[in-house]
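Chemist: Counted from 1, the sequence shown has number 221 at position 221 by UniProt numbering; the numbering is strictly sequential.
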Amino acid sequence: MLELAEIEHTDRETLFAEVILPLAILKNYTYRVPYDQNNAIAIGKRVVVQFGKSKLYTAIVKEIGKLAPEKYEAKYIIEILDDRPVVTPKQLEFWQWLADYYMCNIGEVMNAALPAALKLASETRIVLNREYEIDKATLHDKEFLIVEALEIQPELTISDITKLLGQKTVMPILKLMFEKNIINISEEVSERYKPRRRTFITLNPVYSNQDNLRELFPILEKRAPKQADALLAYIKLSRHQKNVTKSELIEESGAGESSIKSLIEKEIFLSEDRSVSRLHFEEEDEAGDSFELSEQQTAVLQSIREQFEEKDVTLLHGVTSSGKTQLYVRLIEEMIHNGKQVLYLLPEIALTTHIIERLRMYFGVDIGVYHSRFNDNERVEVWQKVLSGEYKIVLGARSSVFLPFADLGLIIVDEEHETSYKQFDPAPRYNARDAAIFLANMHQGKVLLGSATPSFESYYNARTHKYGFAELTERFGGVELPDVQVVSIAQETKQKTIQSHFTSVLMEGIKQALENKEQVILFQNRRGYAPILMCKVCAYTPKCINCDVSLTYHKSSGKLHCHYCGYKEDTPSICPACGSTHLEYKGFGTEKIEDELSVLLPEARIARMDLDTTRSRNSLQTILNDLEEKKIDILVGTQMVAKGLDFSDVTLIGIVNADSLLKFPDYRANERGFQLLAQVSGRAGRRGKQGKVVVQTYDIYHRVLKQVIDNDYTDLYFTEMEERKNFKYPPFYRIINLDIKHKNPDVLYNQAEYLGARLREHFGERVIGPEQPLISRIRNYYIKSIMLKFEKDGISIVKAKSVLRDIITQYYTTKLSTGSIVQPDVDPY
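1. Suppose the cutoff is 8 Å on Cβ atoms and the five residues either side in sequence are ignored; what does the same chain contact list for GLU272 look like?
2. Tell me whether ALA642 sits in a helix, a strand or coil according to DSSP, three-state version.
3. Buried or exposed for ASN525, going by 16 or more other Cβ atoms inside 10 Å?
4. Taking DSSP's pairing of strands, which residues face CYS535 in a bridge?
5. Mapping DSSP to helix, strand and coil, what is PHE523?
6. Would you list, in sequence order, the uninterrupted alpha helix (DSSP H) runs of no fewer than 4 residues that lie entirely inside the region 774-823?
7. Buried or exposed for ASN181, going by 16 or more other Cβ atoms inside 10 Å?
8. Grab the span of the beta strand (DSSP E) containing ASP570 for me, first residue to last.
9. Just confirm the distance between the C-beta atoms of ILE775 and CYS547, as a whole number of angstroms; I'd bet it's less than 8 Å.
10. Contact between the region 415-430 and the region 376-387 is defined here as three or more beta-carbon pairs at a separation below 8 Å; is this criterion met?
11. Rounded to whole angstroms, what is the Cα-Cα separation between LEU652 and ASN711?
12. Which residues bound the beta strand (DSSP E) around TYR717?
13. Can you list, in chain order, the residues of its chain whose CB lies under 6 Å from that of ASP739, leaving out five sequence neighbours each side?
14. Work out the CA separation of ASN129 and VAL147 for me, nearest whole Å.
15. Given that a residue counts as buried once 16 or more other Cβ atoms are within 10 Å of its Cβ, and exposed if not, what is GLN639?
16. Would you mind stating whether PRO85 and THR58 have Cβ atoms separated by less than 9 Å?
17. Determine the DSSP secondary structure at THR314, reduced to helix, strand or coil.
18. If the criterion is Cβ atoms closer than 9 Å, does the pair LEU472 and VAL329 meet it?
19. Taking only three categories from DSSP, how would you classify SER500?
20. Taking 8 Å as the limit between beta carbons, can you name the residues of its chain near ALA642, skipping five residues before and five after?
21. So for THR464, helix, strand or coil by DSSP?
22. Hey, is the region 447-459 in contact with the region 486-503, meaning 3+ C-beta pairs nearer than 8 Å?
23. Can you have a look at ILE411 and say buried or exposed, based on whether 16 or more other CB atoms are within 10 angstroms of its CB?
24. Please list, in chain order, all residues of the same chain as ASN204 whose beta carbon is under 8 Å from its beta carbon, the five residues on each side excluded.
25. At what residues does the alpha helix (DSSP H) containing LYS163 begin and finish?
26. Please say whether THR124 and ILE185 have beta carbons closer to each other than 9 Å?
27. Would the region 605-625 and the region 569-587 be scored as touching if the rule is three or more Cβ pairs under 8 Å?
28. Residues in its own chain within less than 6 Å of LYS741 by CB, not counting five upstream and five downstream?
29. The alpha helix (DSSP H) that contains ASN737, what's its start and end?
30. For the region 368-456, list the beta strand (DSSP E) runs that are entirely contained and at least 3 residues long, ordered along the chain.
31. Taking the CB atoms as reference points, tell me whether TYR29 and PRO89 lie closer together than 9 Å.
32. Counting along the chain, where does the beta strand (DSSP E) carrying THR30 start and finish?
33. When burial is assigned at 16 or more other CB atoms within 10 Å of the CB, is VAL599 buried or exposed?
34. Where does HIS280 land, buried or exposed, given buried means 16+ other C-beta within 10 angstroms?
35. So, using beta-carbon positions, are residue 862 and LEU533 closer together than 9 Å?
36. Would you kindly work out how many angstroms separate the C-alpha atoms of ASP100 and SER303, rounded to a whole number?
Here's what the structure looks like:
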């Protein structure tokens, strides 16, 4: 295939375009370019194509050439949607790398990368066949309903008919009606992104002359007072803002639309319809003042610069509140000065508000923000501003790596250890941190990884000199690290000094903080009220009908919820198994903590931050604003509260139950437990006063708790690395997990055993399993897992993936594979 720039062609020359479809298919398909579109086609543009019998999709042009496909006749491209490419050649290269590395299809990458509003899928539309005379007496009831509806409105969608008939499956009925010539079925696509348009009003330049304006006012006041009001309102608004919209003018003046229309017709006002951005930021005239770095920060900044001379990636290990963000700002400043773009990755949406406020103080308003809370149209606008080069700095969550950067000089991955950077479902199951390193390399840019508790993989790469390394050992401003106190739940329970789930030490600390007008954060890494409802007589526990998990009780809804598939059911008052009324809640989540605190401390203002309270668009921001403005005394939350929150009056952190973090059956439990405990502890006493952390646990002698108290990351690292080396885990080995899923557990057993045997033929003892995972059924699919461990200095991982792909592809050609799903997960950590 040839790139467009290499092709010399005439208008009548036949061209073919290889396109990427947003589907999980094994290969790309080639389509024929209509002759009259030869000069319009280009790599990276969106095109509408037919795939299958009738379905239309948006595809991205990957390559253009003159050779027709050998094994099938190429269909014509139906429409070219763009005047200029929306995807760059570098992005296409990045997509291909992601597909190869994470063992998925490039169509799945495209689906994840493009904002939904840039993807068009056809919608099936049903219309009456006007050439056919319908005898309604011969129609069945459901056919009659559809015909009646189509006589009222000219067309219906499949979803319209589904609602009309009150049943899920309607295609058999429609197929029969089509065969009887009663209806026609068509596919239609429409652009989902619509620019927001506003009418802007300006004063005719004739009236910029004060004399002309003075002559006009008395005439309007006498003949059309409402028009005079509108003119006065315009003059008032235009003094404070550059652009005045018609809607603003109507609101300010109290005049109706007819008054504005009359002023336009008289050519006193001029009007212009323009596209406007949906992205709202407060206007700021210019960047704010700079800041002074400490002596250690200055030395570390210079060290990072020097290491970037030799290394593409540098790890910045800085204790919590050491001023890593200030170093980021300096490096961003240098990149912008050199005309480069910067991507600042954050693991949690909650962090973007704080960071963007800081960055806008230094760089002004032209900073892009990209995350899942934006609607489809807003995401398209960010995409376009990055593509045009208008945004030099972009902050965002993991999906920001897909944006169309032109000249990326630096990627900052803040809190690089966070699991939020890893996407688990659907494919591509990528890690944004690792993807960022490849992305920066493509742009010949640099990557700075920052964390107070680095992932072992990154720390290992720094210690073995694959990455550069810099360290901030002091908190900014000389503030001491928080005092960490471990309290025995068992001891206080025995002494009867515990109140509900709060030890006397924690409760006393909370009361003292409230008395001092300070704020408290309580951490419990489980949402809901109680994870288990159990019968005290027969031990019956309600389970999800779709998943192999107990249902969690949520007091706010009064229902039992499944946190995996979303299933809900009413909470029983009697045991469905034995009829007993002796049901009790076991365990506790954030909802129960909030509930109990409101009883114990009725005067305290308590809020909760978890997935349940932050679902709506602005709810998270409201909680953070209330915390900032001291409208909240105690914030109860899941791990969301551990991710980079910076509030000056938070002096006490309470970890309600540390055991749930440290007793999890996973080789990373100690690493993750330390990271979470250290990070949440770091929210305390960040400015001025030393903070305090109370850790409640049944196992006060756990090694990790001592390491948290001493803030001894290196001791944790060396201890854990010895075990990982012995048991063949990362960073010494690479891991690929295979999840095999089927709705029948017996069929799944045979499928998993077959795949396990085939894998062992090629990889031998590197194959572990198939085994039943901790949760063996989700959304009615039973699951078996196979783990493959590859030594880093042994077998080529590229060759291993190639063999693995071939085995999976061959497996799907067998009868045995019917109904099964095989999901590879590369680097599942």
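Ideal placement from N, C-alpha and C gives every residue a C-beta, glycine not left out.
Modeler: For this structure:
1. THR199, PHE200, THR202
2. helix
3. buried
4. LEU583
5. strand
6. 797-812
7. exposed
8. 568-570
9. 7 Å
10. no
11. 17 Å
12. Element bounds for TYR717: not the beta strand (DSSP E) but the alpha helix (DSSP H), 713-726.
13. ILE783, SER785, GLN823
14. 10 Å
15. buried
16. no
17. strand
18. no
19. coil
20. PHE523, LEU676, GLN679, VAL680, ARG683
21. coil
22. no
23. buried
24. GLU267, ILE268, PHE269, LEU270
25. 158-165
26. yes
27. no
28. TYR781, ILE783, ILE821
29. Looking at the DSSP string, ASN737 is not in any alpha helix (DSSP H); the run it does join, the beta strand (DSSP E), is 733-742.
30. 393-396, 408-414, 446-451
31. no
32. 29-33
33. exposed
34. Its pLDDT being 49, under 50, HIS280 is placed unreliably by the model, and the measurement read from it follows with that caveat. With fewer than 16 Cβ atoms within 10 Å of its Cβ, HIS280 is classed as exposed.
35. With the chain represented from 1 up to 829, any question about residue 862 goes unanswered, as that position is not in the structure.
36. 35 Å
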